Structures are given as structure tokens and as C-alpha cells.
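Note sheet for the following structure.
There are 2 protein chains.
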Amino acid sequence: MEQPRPELIPNPAVRRLSLYLRQLEAFKRKDRRTISSKQLGESLGLTDAQVRKDLAYFGQFGHPGIGYRVDELISQVKHILGTDKTWNVLLVGAGNLGRALMAYQGFDAKGFRLAAVFDSSPHLVGQKQGAFTIQPLSELHDTIQKQQIRLGIIAVPADFAQDVADQLVKAGIKGLLNFAPVSITVPQHVSLNAVDLAVQLEQIAFQVSLSGLNKGMS
Amino acid sequence: MEQPRPELIPNPAVRRLSLYLRQLEAFKRKDRRTISSKQLGESLGLTDAQVRKDLAYFGQFGHPGIGYRVDELISQVKHILGTDKTWNVLLVGAGNLGRALMAYQGFDAKGFRLAAVFDSSPHLVGQKQGAFTIQPLSELHDTIQKQQIRLGIIAVPADFAQDVADQLVKAGIKGLLNFAPVSITVPQHVSLNAVDLAVQLEQIAFQVSLSGLNKGMS
């Protein structure tokens, strides 16, 4: 497979790659063996041209007269995303959201293994939660090195998020997923993605407001 | 304020509106009274032109020689997003993620009130969790009508998500936030937003993989 050149690949194409993978896995669960770009696109509201264009950034897939082999394309997309191997991930924040993330079933199957959980609260450090013993932040550096962790999840209150991010970057983390409802900044060599649960609801509220306005229901 | 015409407003502008609101609230916490489009943009990695263009979709804000008044712009953006009034929201799924969402502090301050929690499991129905008594899905319709709920959050396992979405739409829900790691479909008059936690991690893994490749660390 050709090596992708990151500067040429638009972010939306990478996001859609994740959606294709979800959809392919759903087809696989229904025992589908092959699929066309039209069928893959339709299930996500995209044109077949968009699907082919997105995949073309990464190489030649599909077979004339057959389409894509579902199993094969799943492997290829996982390879592109880097999730054909398992990533060790750490979590900072063992509150409610942290506990939900510890129990979240969706990570393992997608190539992510929660390897360690940290919290700054002396009440929580040392506690057992499921398979995890909550560690103090002073052990960040050693744990990251020992377990070869490159990705971190931040699930702490807003006021602590930037400080935790700084500590994670200093300890060698290369990618961060931030759940705290606040913007944080990281150096350019670190990848950052944010999930703000209230923002997601706001977007829906906006759409529902507008469709109400349009019907004169303001 | 002019009424926005939804078909003219690009989705990314609406998403940035949420980010502006977060950032304005952060400035307010630091007792800032006024702010320029440059300062607001810089804090989010955007140009001042982008900030002005985004806000111009919704009306005339800001004051010559002063910039934006922080308090005023917060109110205006909330009004645009429809979050200057409180939205009652229901949650389906009282597992780990559901419990995290029940305890999530970020909703109330943003204009969302979790009003009811449902689960299909007979083991959970009737249980008290914090302020909530878990209700059976058979009470969806009555609760939605009585409490005037228009938004729903789905936090159930993948295999149940589409069925739950269908029931919510039938019971009158207008907007859905889906946390289940699977694509669901809804009729066109219903707004849908999806949060797939593994997708968020995949995007970061992809970026970290690429930056590793670029440094020959594959």
C-alpha cells in the first residue's frame, strides 16, 4: 500500500474513513461478503464518487465487477488508521465520566486498550475500579515509558484540563482526546481532538430551533 | 436580531459558534469585559476574518472601537443556538455511560436539563440513580408530552440503538444525540448527531501514526 502523504489528505476524508469502517463492520455482522461504493455511500448519505475519492487518497482498493471485499477493506482501512495494531491508552480522571470510559465496550474492538488510569485526588489514588488501580500523576512518566503509551484521554474538570495536558505532553504523550468542557492548547507535534458533550447537544438544539422557526413555532 | 436562514449557514460555522461561546465564557471567568475578533479567533486558531464572517451570518454584533462586549455576545450566541432557554432532555440507557451523563456537570450550565432516564432492562427499571428513577420505555410517549421534551440522548449498546431511535421518533422527539457505536437513521424532520468515542481516538491514532511515519519511526 502506498504511504499516505498527510498534507494531501483532507481531515473530513479521514473522519469519513472511520465511518466507512463502522459501516463495513455492520455489513460484516450481516454476513455481507462484498459491497459497492454506491452501497457503502448510501448507508452514510454519501455519493459513490465521494467514497471512491476518499479511498483513492490511500491506494487502490476494490475489484472490477465485484466491488470491495468487506473483510479485505476492513483490514485495509484499519491499516490506514493505524488501528490494525493495539494502542495502549491512558486515562486521567476517575470521576463519573472516567468510570464510564473504563467500562466502555467500544474501545477494545477498535484497537485501543485502556492501560492505566490516573487521578490527582488523594481520595481516589490507590483505589481499585474494575481492572484498574488509580495511580497518582507523579507516576505518569514512568508508566508511559514502561507501557509504551502514546495516547491519552483527559476526563477531568475544566479547570484542571490544561495543567493535565501539559503534564501528559511533558511525559511523552503524542495524542490527546479531551473531554473537559474547555479549550486546551498543545505543542504542534501533539495531536489533539476534543469531545464537548454540551457542544454536541447545542448543535442539535440549534437545528431543532431553526426547524421550529421555519414552521412558525418559535 | 435577524432570523437566520438555515439553508445559508454552513454547518462548520454553527460548530464554531459553540466554540466561540466556550471561549467567551472562559474570558468572562477571567473578568474580561470586551474582546476583539482577533483575540477571540487567536484563542481558537482562527483568523479575525473567519470570526467576523461566522458571526455575520447571524446579525450585527460588536461596537466600533470597542470590539465585542463579552456578556452581550454570550447572550447573543446563546440566543442564536437556542440555549438561552432551558431544553428538557431525556436519556435512554442507564449503564456506565448513562450514569456518567446523569452526573455530567456540563449540561445544566449550557441550557440543558436532564429530565428523565429510561432503560429497557427490567433489572434497572424502577431503580433510583441520583435524582432519577429509571423508567420503562413504555412511558416514553407520556413523559415526552408531559415534560415537553424535544431532545433525546441514546446511550445503549449498538444492537439496540436503531430500535430505541425509532421509538423516540415515534414518541415525538425532534433531535437525537447518539453515543452508541453504530450508525442509525432517522426521518428528515429529526436532527441527529453522533458521538462515537472510538472514532475520536481513531482520528488521533491516525495523526500520530502519520507523524511517526514521517519521522521514519513506522
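Protein sequence lines correspond, in order, to chains A and B.
For the first sequence, my numbering gives the first residue as 192, with consecutive numbering after it.
For the second sequence, my numbering gives the first residue as 192, with consecutive numbering after it.
Backbone N, C-alpha and C define an ideal beta-carbon position, used for all residues, glycine too.
As the structure is a prediction and not an experimental result, all values here were calculated from the model.
Residues of chain B with CB under 8 Å from residue i, in chain order?
| i | result |
| --- | --- |
| A/A396 | L272, G273, T274, W278, G302, F303, L342, G366 |
| A/R207 | Near A/R207 there are no residues of chain B at all, since even the closest Cβ is about 10 Å away, more than 8 Å. |
| A/A217 | V373, S374 |
Which of the three DSSP states, helix, strand or coil, is assigned to residue i?
| i | result |
| --- | --- |
| B/H254 | strand |
| B/V373 | coil |
| B/R223 | coil |
| A/V308 | strand |
| B/V261 | helix |
| A/V242 | helix |
| A/V316 | coil |
| A/F298 | coil |
| B/L281 | strand |
| B/F303 | strand |
| B/L272 | helix |
| A/S228 | helix |
| A/S209 | helix |
| B/G236 | coil |
| A/G289 | helix |
| A/F218 | helix |
| A/P416 | Nothing about residue 416 of chain A can be reported from this structure: the residues present for chain A run from 192 to 409 only. |
Straight-line CA distance for residue i to residue j?
| i | j | result |
| --- | --- | --- |
| B/H254 | A/V390 | 27 Å |
| B/N279 | A/I257 | 49 Å |
| A/I226 | A/G236 | 15 Å |
| A/D275 | A/G302 | 7 Å |
| A/H332 | B/N287 | 29 Å |
| B/L415 | A/R341 | In this structure chain B extends from 192 to 409, so residue 415 of chain B is not present and cannot be described. |
| B/P203 | A/P372 | 19 Å |
| B/D239 | B/K221 | 21 Å |
| A/S311 | A/K244 | 46 Å |
| B/I395 | A/A322 | 25 Å |
| A/L208 | A/V268 | 7 Å |
| B/Y259 | B/I200 | 21 Å |
| B/K229 | B/T376 | 40 Å |
| A/T285 | A/S374 | In the sequence as presented, Thr is not what sits at residue 285 of chain A; that position holds Ala. Going by the C-alpha atoms only, they are around 20 Å apart. |
| A/K219 | A/V261 | 7 Å |
| B/T324 | B/L282 | 12 Å |
| B/L231 | A/G366 | 25 Å |
| A/Q214 | B/L388 | 15 Å |
| A/I364 | A/A294 | 22 Å |
| B/H314 | A/F370 | 30 Å |
| A/D385 | B/R290 | The sequence given here places Ala at residue 385 of chain A; Asp does not occur at that position. So the alpha carbons of these two residues sit roughly 21 Å apart. |
| B/L212 | B/Y248 | 16 Å |
| B/L277 | B/R304 | According to the sequence displayed, residue 277 of chain B carries Thr and not Leu. Approximately 7 Å, taken between the alpha carbons. |
| B/A307 | B/L359 | 13 Å |
| B/S402 | A/V205 | 15 Å |
| B/F309 | B/V316 | 7 Å |
| B/A362 | A/Q339 | 48 Å |
| A/M408 | A/S400 | At A/M408, the pLDDT of 38 sits below 50, so the modelled position is not reliable; the number obtained from the coordinates is stated separately. In a straight line, the C-alpha of A/M408 is about 9 Å away from that of A/S400. |
| B/L392 | A/D357 | 19 Å |
| A/K406 | A/Q398 | Low confidence applies here, because A/K406 scores a pLDDT of 48, under 50, leaving its location unreliable; read the following figure in that light. Distance between the alpha carbons of A/K406 and A/Q398: 13 Å. |
| B/T334 | B/I344 | 15 Å |
| A/S266 | B/A349 | 21 Å |
| A/Q336 | A/F298 | 22 Å |
| B/A217 | B/R224 | 12 Å |
| B/L264 | A/G250 | 47 Å |
Given that residue i touches chain B, what residues does it touch there, using C-beta distances under 7 Å?
| i | result |
| --- | --- |
| A/A291 | N287, L288, R290, A291 |
| A/Q214 | S374 |
| A/A294 | N287 |
If the cut is a Cβ gap below 9 Å, which residues of chain A does residue i touch?
| i | result |
| --- | --- |
| B/F298 | L388, A389, L392 |
In chain A, which residues lie less than 8 Å from residue i when you measure between Cβ atoms?
| i | result |
| --- | --- |
| B/S400 | L272, G273 |
* Asked: Listed in chain order, which residues of the region 373 to 388 of chain B have Cβ atoms closer than 8 Å to some Cβ of chain A?
  -> Under the 8 Å Cβ criterion, the region 373 to 388 of chain B contributes V373, S374, H380, S382, L383, N384, V386, D387, L388.
Quick one: which residues of the region 225 to 239 of chain B get their C-beta closer than 9 Å to a C-beta of chain A? List them in chain order.
Within the region 225 to 239 of chain B, contact with chain A at the beta-carbon level (separation under 9 Å) is assigned to S234, L235, G236.
* Please specify which runs of the beta strand (DSSP E), each continuous and at least 3 residues long, are wholly inside the region 320 to 408 of chain B, giving them in chain order. => You should have 342 to 345, 366 to 369, 382 to 385.
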